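Residue numbers (the numbering used here): 317 to 471.
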């Protein structure tokens with residue numbers, strides 16, 4: 317299953333010559349994922365690259381520094397691909413897969429997800445494709461914060 321996401325990413329990248337490419341770098345004082353520090357309270361740098369086409373398909377890669385107490389992994393790299401679109405001016409949806417990969421033999425995992433958005437509120441549901449453990453999150457986009465993407469997320 318994990319090779320399907322990589323294959324999808326490569327096909328999307330090669331088939332969409334007119335894809336929009338974006339990316340960036342980031343720095344955080346502590347990298348949290350689902351309420352758990354991934355860096356033991358230490359800073360983390362990250363970088364990402366996204367490809368989006370005009371039909372709603374997208375794929376990307378994200379990489380960031382992690383630091384677990386047992387030194388089992390120092391780098392997380394995520395591959396993701398999906399499809400999202402607007403149903404109306406206010407209602408949107410998103411479907412996709414994410415692979416979380418780690419160095420030093422740490423356990424990799426893959427999740428399928430579905431998301432719904434209405435105005436500045438979004439609801440996402442993730443399911444681990446191996447263990448079927450699920451996670452749901454609710455976010456509010458802080459549209460009134462200028463010049464940066466800011467949101468509040470619960471879940």
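Glycine included, each C-beta is placed from N, C-alpha and C at the ideal position.
Here the structure is a predicted model, which means the values were calculated and not measured.
| query | result |
| --- | --- |
| What beta strand (DSSP E) runs, 3 residues minimum, are completely inside the segment 398–461? | 407–418, 425–434, 437–444 and 450–457 |
| Which same chain residues end up closer than 8 Å to residue 429 when comparing Cβ atoms and leaving out the 5 residues on each side of it in sequence? | 398, 410, 411, 412, 413, 414, 440, 441, 442 and 443 |
| Let's see if you can read the secondary structure: which residues bound the beta strand (DSSP E) around residue 383? | Note, residue 383: premise wrong, no beta strand (DSSP E); not H, not E. |
| Starting from residue 346, follow the beta strand (DSSP E) in both directions and report where the run begins and ends. | Element bounds for residue 346: n/a, residue is neither H nor E. |
| Determine, using beta carbons only, whether residue 377 and residue 401 come nearer to each other than 9 Å. | no |
| Using C-beta distances below 7 Å, list every residue in its chain close to residue 364, excluding the 5 sequence neighbours before and after it, in chain order. | 339, 340, 376, 377 and 378 |
| What's the call for residue 382, buried or exposed, on a 16-neighbour Cβ count within 10 Å? | buried |
| Can you tell me whether DSSP reads residue 337 as helix, strand or coil? | strand |
| Closest by CA to residue 395, which one among 336, 425 and 351? | 425 |
| From residue 352 to residue 384, what does the alpha carbon distance come to, in whole angstroms? | 11 Å |
| Only counting the same chain, and skipping five residues up and downstream in sequence, which positions put a Cβ closer than 7 Å to that of residue 470? | 453 and 454 |
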